[in-house]
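**Student:** Starting off with a structure, shown below.
Number of protein chains: 6
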Amino acid sequence: MISAQAQLDRTPTGISGLDEVMMGGLPSGRTTLVTGTSGSGKTVVAMEFLAHGIAEFGEPGVFVTFEESAPVIRACLLEFGFPIEEWEREGRWEFLEVPTDLTDSVEVVGRYDFGALVARIQRVVERTHAKRLVIDSLGALFATLPDKRYVRVELVRIAQALARMGVTAMMTSERREEYDGISLHGVEEFVLDNVLVLRNVLDEERRRRTVEVVKFRGAPHHTGEWLFTIDPRRGVTVLPLAFMS
Amino acid sequence: MISAQAQLDRTPTGISGLDEVMMGGLPSGRTTLVTGTSGSGKTVVAMEFLAHGIAEFGEPGVFVTFEESAPVIRACLLEFGFPIEEWEREGRWEFLEVPTDLTDSVEVVGRYDFGALVARIQRVVERTHAKRLVIDSLGALFATLPDKRYVRVELVRIAQALARMGVTAMMTSERREEYDGISLHGVEEFVLDNVLVLRNVLDEERRRRTVEVVKFRGAPHHTGEWLFTIDPRRGVTVLPLAFMS
Amino acid sequence: MISAQAQLDRTPTGISGLDEVMMGGLPSGRTTLVTGTSGSGKTVVAMEFLAHGIAEFGEPGVFVTFEESAPVIRACLLEFGFPIEEWEREGRWEFLEVPTDLTDSVEVVGRYDFGALVARIQRVVERTHAKRLVIDSLGALFATLPDKRYVRVELVRIAQALARMGVTAMMTSERREEYDGISLHGVEEFVLDNVLVLRNVLDEERRRRTVEVVKFRGAPHHTGEWLFTIDPRRGVTVLPLAFMS
Amino acid sequence: MISAQAQLDRTPTGISGLDEVMMGGLPSGRTTLVTGTSGSGKTVVAMEFLAHGIAEFGEPGVFVTFEESAPVIRACLLEFGFPIEEWEREGRWEFLEVPTDLTDSVEVVGRYDFGALVARIQRVVERTHAKRLVIDSLGALFATLPDKRYVRVELVRIAQALARMGVTAMMTSERREEYDGISLHGVEEFVLDNVLVLRNVLDEERRRRTVEVVKFRGAPHHTGEWLFTIDPRRGVTVLPLAFMS
Amino acid sequence: MISAQAQLDRTPTGISGLDEVMMGGLPSGRTTLVTGTSGSGKTVVAMEFLAHGIAEFGEPGVFVTFEESAPVIRACLLEFGFPIEEWEREGRWEFLEVPTDLTDSVEVVGRYDFGALVARIQRVVERTHAKRLVIDSLGALFATLPDKRYVRVELVRIAQALARMGVTAMMTSERREEYDGISLHGVEEFVLDNVLVLRNVLDEERRRRTVEVVKFRGAPHHTGEWLFTIDPRRGVTVLPLAFMS
Amino acid sequence: MISAQAQLDRTPTGISGLDEVMMGGLPSGRTTLVTGTSGSGKTVVAMEFLAHGIAEFGEPGVFVTFEESAPVIRACLLEFGFPIEEWEREGRWEFLEVPTDLTDSVEVVGRYDFGALVARIQRVVERTHAKRLVIDSLGALFATLPDKRYVRVELVRIAQALARMGVTAMMTSERREEYDGISLHGVEEFVLDNVLVLRNVLDEERRRRTVEVVKFRGAPHHTGEWLFTIDPRRGVTVLPLAFMS
Ligand SMILES: Nc1ncnc2c1ncn2[C@@H]1O[C@H](COP(=O)(O)OP(=O)(O)O)[C@@H](O)[C@H]1O
Ligand SMILES: Nc1ncnc2c1ncn2[C@@H]1O[C@H](COP(=O)(O)OP(=O)(O)O)[C@@H](O)[C@H]1O
Ligand SMILES: Nc1ncnc2c1ncn2[C@@H]1O[C@H](COP(=O)(O)OP(=O)(O)O)[C@@H](O)[C@H]1O
Ligand SMILES: Nc1ncnc2c1ncn2[C@@H]1O[C@H](COP(=O)(O)OP(=O)(O)O)[C@@H](O)[C@H]1O
Ligand SMILES: Nc1ncnc2c1ncn2[C@@H]1O[C@H](COP(=O)(O)OP(=O)(O)O)[C@@H](O)[C@H]1O
Ligand SMILES: Nc1ncnc2c1ncn2[C@@H]1O[C@H](COP(=O)(O)OP(=O)(O)O)[C@@H](O)[C@H]1O
Ligand SMILES: [Mg+2]
Ligand SMILES: [Mg+2]
Ligand SMILES: [Mg+2]
Ligand SMILES: [Mg+2]
Ligand SMILES: [Mg+2]
Ligand SMILES: [Mg+2]
């Protein structure tokens, strides 16, 4: 018997077709890893997840970003027709722009402590009453961590802290190959309970984009790869036709 | 001549079809490695092994977990219809949640000592009279071990300690590729006497799950890959039809 | 709805056929990575981007180069029929030749500081009123950086500084394989928002050159690989016929 | 002209079919490497080599083991119908169980000295008048050797010491892949004069076991791969039919 | 418009067929990398480049060599019918034999300085009025450089110094694979402006030799692979027939 | 014109068929690398080269060996019908057995000096008036060299010393893969002027042995792979029939 509560425990992304593939949405109150190669659509999917949250579900969102990419994301949202500047003014969307050197300043005896970062995230989440949160990307976050052994431990800590804040989160991570199943630091897929893979496959000089739920712990979902497109006007659309075959 | 005692020396997992593949169950009183990529079903198989032990064989179980995954496992068990909270109250199932930093605190002259962890496990096993035990996962356990040469030695020690406690154990370990035959630390399959491999193969955009007994020392078993499914209601089912062909 | 401003926000390269593939040109005021194997045409594409900027759009340009390659680039521009020496005299094209040891001299406590380089670039940009800028190549720039962890951080800093100067930039980076998707330092494609890949594929003893927009953040573009040629007289031509199929 | 003495210089394993593949047996008084992936049958082949030596040729044997695997080997021998406990009581089979930390205690100025281990082996060989000896496995033996450069030197020393003791020996070593031809420490196949490879190949979801003599220095043998099975009752059988085709 | 001067700016190798592939010869006054696996013909091509320079164009040449290979090269030239000893006596060909330890003696604070080597080369070039120069090979030159980060910088320096001396140069570098596109130190192809690849492909137990211009910066050339042979009498011949298809 | 002297400058191995492939034999007075995987036949080819030298050409030989393999080589020669013990008594064949620790004792400031070894070789060569010499193998020789950068330099030095002694030499080196073209230390094929590759290819469960001249500097030879067999009576035979097709 499946507990009713478990099945309702989902946060729809609002991205056309994607919630159907996930059988309802992201696991609420947990973190989902969105992983893929450069240009596979991670940032676009993550920003749409927050944007639909505000536009369709009235849930405020926080976008944690590194390497000064907020202006580009803002421009992209405008292109897709989202009133991002209005939302920012109303306090419904907040960018938390983490300077690439923050992590340096809090080094502690041979390893890093992301406690300061977590505290800043928490203040923003509380102020905005955010229900959705994005960290884009883990590659940038851990870039300067001197000892890669701590990626695993720190990733768990951050995910736990987000769970305590009650947000449904997406973290993006970078892959070098479409099909080798491993992100930049080699453990991201193992640590996080839920994993979406975006692929941008080159097939006879044409590109084909697919999304796949590789791991959803304790949550039913469709398996295998589903085609999607990124349209200059409507953004991401996972193809509903693919369900029929 | 096969000694009768040897053939009886099995602990059925209770997972539909899996005991038939293993010709009776896991080798009793020993440790079996369950290895696979992210999302291949290791945690689900491990939790069902404990759950069926309680529900069908009256054997209490201990689930050693890291990286705060107990709540997710609890939710998953509920979805599969197991009264995990009741079992926890009755002392028939116990989660031993190991903080990711435990291992740090017991560092000894250039290497780690898992003695403190083993002592904690033993206390819980004695208190619960557990017959089954899961350690999920070796990747998390050894994540911060500074010198990987000691993985092999420590793994043997822990497996020996479990043998002395008399439990039948599953340890999970993580792989990066479906078919390269090697876990995260490179020696797990060599050290442990019994190895189950779970695979989640992508075949023309569809996924196919298989389980294989790769090593069962001193124990007959079926060879090759067997299809299995994870159903939102019934959990893992190894397909009995596959035996006929 | 796509904001009109977003669509106009492009800087045409003037390279025949390439602007059509990019649906207008490079994202203005941002940096685009041009990556490919040795001999794939990165330097030729980059120099033509600047040359057409001057010849057709009246925009001055700065070419930052390492390893004393300015004379060769000058000779190549002459071959393609561009009056490079005239432009240099008129202050419309400036080479900023960075000695390979510059970076050594500004080493700071275990890492490098590219601040001095950025300051020099800024002075040249201001003096020439440059609208276009090329850095050729990141491989040479970061060759002697002792700690590769800082490539990511420093790359972001330089790209941000260029954005503040208001130039539309191309940075070239080197790949070892046509299809493995990763540049010399392993993070270039992740850090930069826009990525063009040049390929020089060996197919039954013949070479085929292709260009592909792999990532254009927030900007519509054609996908997949497009054939191009490098002609001794006309330089780079992306084949317009390929659009029809 | 082949010297008669050379051809007789073989020690039959007694394993059905294997001596025919080797054209008589293992080179007497030397060490043969038995290498394969996890579960390929190394330990089973090694234990049968000793067991048949006692049961059919009246030659006592010593089994050097690490990581406390003696009990499992004992159980496996019982399953195959060998009276291992009786043999142990009679002093015809002796397990030399090497604690995984022995090697630590004899560390000498930056490298390891296996002299103490060799001395212990010699005492057991003399006491039992052993003619056959197994070391299972080199992976466990060298696991904690800090400087892998010494694997080669130490392996030679141990093999020489065994030769002086007059025993015919099998050493097992672990491979990660069926067909890449290299054991865990990268030199085992080069150092030892005789090499048997066991393979467990996955072919369309079925497993196929093969054995091959890859190197027998100065000794004629059949070449190529030969099928074998591991039967719960009869243990290893190399298929005689395969000789006919 | 191609400047006439640019097109004349070539130095014919005199190797039958090769100048046609390069559309005139090597870029004059610059360095060309000749890269290939062991036995692919690098040394033969390099020595013929110098020999034809003397025999057909009256240009003296310097052959910089390491690892005492001058006698073998002399013998090979004699076999091809070149009066090397006569040329050496007349001062038209000079071997500069660099002892493999030279580089050791000029180590400077954690890196190497090839200044002494460059000075020696310059003296020989001035004395012989050499117009052509060969360095065979970069693998030997950089073998003992302790920090591989400096290969790139040093290679640039040496190539610049040669350019200032006014010689047309060939440097050879070693590859491990025919088609992976990368030399021993991983940057040779990126640093040098002109790259010739020699291949010796094994095709069904037969060898096929090919030459390809992979990069000629600012210089037209034929693309793709061209067959060549090494004849005991006539040395290297690139097949002219291959042009017609 | 090929100088007559050059063509005569060969030392026939006496191995049936091999001298035809090499068009006369090994380059006299130089070193040839014999490289291959474990069991590919390197030691057999090397010992036959010396044995035929004594039996058919009256040339004494020295066999430098490591890791105490002399007894095995002696036994193998006896099997092939060579009176090795008689030759040793007569001083026509000498084994120089290098203890695996010799190299340790002569360590000099952070690198190794093989001068002592070379001096010992020279004394034996002078005493025996050897014309042929084997070093089997480079893997064993360089096993304990702490800094692999010196393999290249030391290999050159040893080859030069052998050239000064006037012997025609074979050195064996070990490969991990049949077709990747690279020996254990990664530079052997680049340093030595002459390279023979032995292969033992697994083709549908059967083995096929081939020999190929990959590099013979300044010396004509047949190219491609040639089949050979190792017969228990006659040793190595390269198949003459293969020349006709
Ligand atoms: N309640 C459920 N309903 C359907 N599928 C589930 C359920 N729980 C888990 N799964 C499936 O099982 C997969 C494997 O989960 P898990 O055992 O956590 O993988 P692993 O531990 O190997 O990383 C999940 O990705 C999901 O596809
Ligand atoms: N009693 C038995 N009955 C059937 N199969 C067995 C028995 N004992 C061992 N095996 C088989 O032999 C395989 C190889 O075992 P083992 O020799 O321990 O492998 P290795 O030492 O190469 O890792 C086991 O995985 C199992 O499949
Ligand atoms: N406004 C847009 N119109 C069309 N395509 C777009 C738009 N924005 C982004 N894209 C496409 O989405 C791709 C993925 O972008 P992004 O999410 O930044 O990739 P990632 O974060 O995975 O590196 C871009 O390369 C581009 O092809
Ligand atoms: N007397 C012999 N009879 C038959 N085959 C032999 C004999 N001696 C050696 N061989 C074969 O030659 C192979 C190669 O031996 P060896 O030269 O020692 O290999 P390598 O030195 O390349 O590792 C042996 O594995 C065996 O197959
Ligand atoms: N003037 C020219 N005529 C013809 N081909 C040219 C000319 N200049 C460059 N090329 C071609 O362009 C290729 C790429 O050059 P380049 O841009 O320097 O490569 P990269 O910078 O990617 O290493 C050259 O190898 C050559 O084939
Ligand atoms: N005199 C010759 N006759 C025939 N072939 C030769 C002669 N000299 C060299 N070769 C061939 O040329 C090959 C390449 O030699 P070399 O230029 O030394 O290779 P590389 O420098 O690339 O390692 C030799 O292996 C041989 O096959
Ligand atoms: Mg992104
Ligand atoms: Mg899990
Ligand atoms: Mg370039
Ligand atoms: Mg074993
Ligand atoms: Mg050469
Ligand atoms: Mg050998």
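Protein chains in written order, with my numbering: chain G, 1201 to 1445; chain H, 1201 to 1445; chain Y, 1201 to 1445; chain F, 1201 to 1445; chain B, 1201 to 1445; chain Z, 1201 to 1445. Each residue gets a CB set at the ideal place from its N, CA and C atoms; glycine is no exception.
Are any of the Cβ atoms in chain Z nearer than 8 angstroms to that of arginine 1364(F)?
**Tutor:** It does not; no Cβ of chain Z falls within 8 angstroms.
**Student:** For serine 1228(F), I'd like the list of residues in its chain whose CB is within less than 7 angstroms of its CB, leaving aside the five on either flank, ordered along the chain.
**Tutor:** Excluding sequence neighbours, serine 1228(F) sits near Asp1209, Arg1210, Thr1211 and Thr1368.
**Student:** Take arginine 1320(H) as the anchor and find which of Arg1289(H), Phe1263(H), Ile1273(H) and Glu1286(H) has the nearest alpha-carbon.
**Tutor:** Here the closest residue by C-alpha is Phe1263(H).
**Student:** In chain H, which residues lie less than 8 angstroms from valine 1272(F) when you measure between Cβ atoms?
**Tutor:** Simply Arg1230, Asp1393, Arg1417 and Gly1418.
**Student:** With respect to the beta strand (DSSP E) encompassing arginine 1399(Y), which residues constitute its N-terminal and C-terminal limits?
**Tutor:** Its beta strand (DSSP E) spans residues 1394-1403.
**Student:** So which of Val1221(F), Thr1429(F), Gly1217(F) and Ser1238(F) has the shortest CA-CA distance to arginine 1376(F)?
**Tutor:** With distances taken between Cα atoms, arginine 1376(F) lies closest to Ser1238(F).
**Student:** How long is the line joining the alpha carbons of proline 1299(H) and leucine 1296(F), rounded to whole angstroms?
**Tutor:** Those two C-alpha atoms are separated by around 38 angstroms.
**Student:** For valine 1314(Y), which residues from the same chain have a beta carbon less than 7 angstroms from its beta carbon, with the 5 sequence-adjacent residues on both sides left out?
**Tutor:** At residue 1314(Y) the sequence reads phenylalanine, which differs from the valine that was named. Within the same chain, phenylalanine 1314(Y) has close Cβ partners Glu1354, Arg1357 and Ile1358.
**Student:** Are alanine 1275(Y) and aspartate 1336(Y) touching if we call contact CB-CB under 8 angstroms?
**Tutor:** It is not a contact, given that the beta carbons lie outside the stated cut-off.
**Student:** May I have all residues whose beta carbon comes closer than 5 angstroms to any heavy atom of ligand 12, sorted in chain order?
**Tutor:** Qualifying residues, in the order they occur: Lys1242(Z) and Thr1243(Z).
**Student:** Check whether chain G comes within 8 angstroms of threonine 1437(H), counting only Cβ atoms and requiring the distance to be less than that.
**Tutor:** So, not an interface residue.
**Student:** Anything in chain Y within Cβ reach of arginine 1407(G), meaning under 9 angstroms, just list it in chain order.
**Tutor:** What arginine 1407(G) touches in chain Y: Glu1412, Val1414, Thr1423, Gly1424 and Glu1425.
**Student:** Find the residues of chain B that neighbour isoleucine 1382(Z), judging by a C-beta separation of less than 7 angstroms, and give them in chain order.
**Tutor:** Arg1376, listed in chain order.
**Student:** Take serine 1216(B) as the anchor and find which of Val1234(B), Lys1242(B) and Phe1249(B) has the nearest alpha-carbon.
**Tutor:** For the residues Val1234(B), Lys1242(B) and Phe1249(B), the minimum Cα distance to serine 1216(B) belongs to Phe1249(B).
**Student:** Cutting at 7 angstroms between CB atoms, please list the residues of its own chain near threonine 1429(F), excluding the five before and the five after it.
**Tutor:** These residues qualify, in order along the chain: Arg1409 and Thr1437.
**Student:** Tell me whether serine 1337(G) counts as near ligand 7, meaning its Cβ is closer than 7 angstroms to at least one heavy atom of that ligand.
**Tutor:** Under cutoff, so the answer is yes.
**Student:** Of all the residues that make up the segment 1236-1254 of chain G, which are near chain Y by a beta-carbon distance shorter than 9 angstroms?
**Tutor:** Hits within the stretch, in order: Thr1237, Ser1238, Gly1239, Ser1240, Thr1243 and Val1244.
**Student:** Is any non-hydrogen atom of ligand 8 found closer than 7 angstroms to the C-beta of threonine 1237(G), if you look at the structure I gave you?
**Tutor:** Threonine 1237(G) Cβ: outside cutoff for every heavy atom of ligand 8.
**Student:** What three-state label does DSSP hand glutamate 1377(F) in the structure shown?
**Tutor:** Correct three-state label for glutamate 1377(F): coil.
**Student:** Counting contacts by CB-CB distance shorter than 8 angstroms, is glutamate 1389(H) in contact with chain F?
**Tutor:** Yes, glutamate 1389(H) lies at the interface with chain F (some Cβ there is under 8 angstroms from its Cβ).
**Student:** Ordered along the chain, which non-local residues of its own chain (more than five positions away) have a Cβ less than 7 angstroms from that of arginine 1348(G)?
**Tutor:** The question names arginine, yet the displayed sequence has lysine at residue 1348(G). The answer, listed in chain order, is His1385.
**Student:** Roughly how many angstroms separate the alpha carbons of glutamate 1267(F) and alanine 1340(F), rounded to a whole number?
**Tutor:** Looking at the two C-alpha atoms, the distance is approximately 7 angstroms.
**Student:** Considering only the alpha carbon of each residue, which of Phe1280(H), Gly1236(H), Gln1322(H) and Lys1331(H) lies closest to alanine 1419(G)?
**Tutor:** Of the candidates Phe1280(H), Gly1236(H), Gln1322(H) and Lys1331(H), the one whose C-alpha sits nearest the C-alpha of alanine 1419(G) is Phe1280(H).
**Student:** For aspartate 1219(B) and valine 1414(B), I'd like the C-alpha separation in whole angstroms.
**Tutor:** Cα-Cα distance, rounded: 15 angstroms.
**Student:** Of all the alpha helix (DSSP H) runs that stay within the bounds of the segment 1333-1385 of chain B, which reach a length of 4 or more residues?
**Tutor:** Qualifying alpha helix (DSSP H) stretches, in chain order: 1338-1341 and 1349-1365.
**Student:** Ignoring anything shorter than 3 residues or poking outside the segment 1236-1284 of chain Y, list the beta strand (DSSP E) runs there in chain order.
**Tutor:** Within the segment 1236-1284 of chain Y, the complete beta strand (DSSP E) runs of at least 3 residues are 1261-1266.
**Student:** What in chain Z is Cβ-close to glutamine 1360(F), meaning under 9 angstroms?
**Tutor:** Ordered by position in chain Z, the residues that pass the 9 angstroms Cβ test against glutamine 1360(F) are Glu1267 and Glu1268.
**Student:** Tell me, to the nearest whole angstrom, how far the beta carbon of valine 1411(F) is from that of leucine 1392(F); I am working on the premise that it is less than 8 angstroms.
**Tutor:** Between leucine 1392(F) and valine 1411(F) the Cβ distance is about 16 angstroms, and since that is not below 8 angstroms, they are no contact.
**Student:** Take glutamate 1285(F) and list the residues in its own chain whose beta-carbon comes closer than 6 angstroms to its own, dropping the five residues that flank it on each side.
**Tutor:** Cβ neighbours of glutamate 1285(F) beyond the five flanking positions: none.
**Student:** Are the C-beta atoms of valine 1353(F) and some chain Z residue less than 8 angstroms apart?
**Tutor:** Yes, because at least one Cβ of chain Z sits closer than 8 angstroms to the Cβ of valine 1353(F).
**Student:** Buried or exposed: where does proline 1260(F) fall if 16 or more other Cβ atoms within 10 Å of its Cβ makes it buried?
**Tutor:** Under this definition proline 1260(F) is a buried residue.
**Student:** Just the Cα atoms here: how many angstroms apart are alanine 1270(B) and valine 1387(B)?
**Tutor:** Distance between the alpha carbons of alanine 1270(B) and valine 1387(B): 27 angstroms.
**Student:** Could you check which residue in Glu1288(Z), Leu1338(Z) and Ala1251(Z) has the C-alpha nearest to that of threonine 1328(Z)?
**Tutor:** The residue with the shortest Cα to Cα distance from threonine 1328(Z) is Glu1288(Z).
**Student:** My output table needs one value for serine 1305(Z): the three-state DSSP class, helix, strand or coil.
**Tutor:** Caution applies to serine 1305(Z), whose pLDDT of 40 falls short of 50 and renders its modelled position unreliable; the value that the coordinates give is listed next. Serine 1305(Z): helix per DSSP, three-state reduction.
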